[in-house]
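Reading the sequence shown from the start, the letters are residues -3 to 360 in my numbering.
For every residue, glycine included, the Cβ atom is placed at its ideal position computed from N, Cα and C.
Since we're looking at a predicted model, the values are computed, not measured.
Worksheet: the structure to be examined is printed underneath.
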Amino acid sequence: MAFVPYDRPVRAAFIGLGRIYDLNVRGYLDNPDVEVVAIVDPSEERRVQRQADWPDAAAFASAAELAASGIEVDAAEVLLPIPLHPDGVTEMLGYGWHINLQKPFCNDLHDAQRMIDAARASDRVLRVMENYLFYEPLRRLKATAESGGLGAIAGYHMKMVGSGSGGWDVPWSSFEWQIKQMALGRGILVFDDGWHKLSTALWLFGPIREVRAWIGVTSFGSGIDLDAPTVISWEHENGVRGSWDITLAPDLYLRSDYYTNDERWEITGTRGFARVNRCTGRGIQQPALEVYADGEMRGYHALDDDWASSFRDSGRHWLRYLRTGEGPLLWTGEQAVDVLRFALAAYASSAKGGIGVDPAEVTG
Ligand SMILES: NC(=O)c1ccc[n+]([C@@H]2O[C@H](COP(=O)([O-])OP(=O)(O)OC[C@H]3O[C@@H](n4cnc5c(N)ncnc54)[C@H](O)[C@@H]3O)[C@@H](O)[C@H]2O)c1
């Protein structure tokens, strides 16, 4: 793709102004790299609410109306419900817009390829944003592992507890499309939020050659099936093994400014370990990163451990990319396919009783 960086602020449009707009917008506010020219959502209530952030932007009910308006758009910040990603992204690439898409990319490999092909055909950049890779405690965790201070990496695990109490309000309309995703076997814990955990695994230790999974279900009625208890294990091509457990604790109150996920990452080396204690919520109120080696524990108390900052930095990174061409994109469409294959391998393994599945071999 012959991408030429812009020598002026990028003209951007927000497509979808729902819950996660509140965090994605942080990369755009007070950012000289961008001029927000339009906001799009079929909900008038949302348009009116978000217009307050961008009084000079034009507001539309659909991307098609924006495209027909004559307003010049360079890039779209796409915050659509997952089921709308494939058609929406393909449509917007057709308008000649670069795309910064929320995760998960899509539900299957066919739709992923369709979007990648559309980006190639229109010679536009397609990014599938991954804000966790911009969360400072996780960046320091990766740097710690790569520094050799823990010795050789012996293994690692991730933990996630989904709770139903605390955090910010999520509108019922957001749950409606999530329930449709559940019915398709793309649950909110393993696939939607889990996308981030699988991303961090690939980012930390590279390609994966085998996945083994035991994906459970807890039903709350009316189609609300949560995909836990779940355990997923894998081996990277470099031999490092990882595992991730997902547990439901519906009545557990979790203090959080955002969603109620209690999360941790812990890497063990031959000489020590490093642990990120929290991310989205405020679970363990210790330093966000702790590193133990040679009989001493070091706590990192001054990291930017507000989860929202990862959205700010991911958004700024994208807009800088468009201005300078400086990557890496984190992620490209092809890298997002690696995350998708990881998830699909977990589903395939679980369906076959937990046997090892190579993500490169999955279809569908
Ligand atoms: N990175 C993260 O941690 C994170 C967290 C939450 C959600 N997300 C992702 O962000 C995306 C949006 O999630 P959300 O929670 O904001 O959903 P939401 O349901 O709150 O908001 C979606 C918005 O899109 C609007 N919309 C629907 N059809 C549209 C169309 N054709 N054109 C324009 N707008 C349209 C809806 O009216 C709604 O306002 C999803 O892909 C989701 O997986 C990511």
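- Judged by the Cβ position, P38 qualifies as a neighbour of ligand 1 at the 7 Å threshold, a heavy atom of the ligand being closer than this.
- Under the three-state reduction of DSSP output, S218 falls in the coil class, being neither helix nor strand.
- A direct Cα-Cα distance of roughly 14 Å separates A108 from V358.
- DSSP places I204 within a strand segment (E or B) once states are collapsed to three.
- Taking every protein chain shown into account, the CB of R4 has fewer than 16 other CB atoms within 10 angstroms, so this residue is exposed.
- Counting only residues of its own chain and dropping the five nearest sequence neighbours on each side, H192 has a CB closer than 6 Å to the CB of Y128.
- In the three-state scheme derived from DSSP, where H, G and I count as helix and E and B as strand, T140 is classed as helix.
- Put simply, of W303, E286 and E31 the residue whose alpha carbon is nearest the alpha carbon of G295 is E286.
- With respect to L146, T140 sits close: the two C-beta atoms are nearer than 8 Å.
- With at least 16 other beta carbons inside 10 angstroms of its own, H232 counts as buried.
- DSSP, read as helix, strand or coil, puts D165 in coil.
- S346 and I204 have their C-alpha atoms roughly 17 Å apart.
- Within the model, the alpha-carbon separation for E206 versus Y255 is close to 30 Å.
- A distance below 7 Å between beta-carbons, with the five flanking residues on each side excluded, links G92 to the following residues of its chain, in chain order: S118 and R120.
- Beyond the five residues adjoining it in sequence on each side, L75 comes within less than 8 Å, by CB distance, of F10, I11, G12, L13, G14, I16, Y17, N20 and Q98 in the same chain, given in chain order.
- When DSSP reads this structure, N257 sits in a beta bridge with G158.
- Within the same chain, V335, F338 and A339 come within 7 Å of L194 by CB-CB distance, once the 5 residues on both sides are set aside.
- When secondary structure is reduced to three states using DSSP, G311 falls in the helix class.
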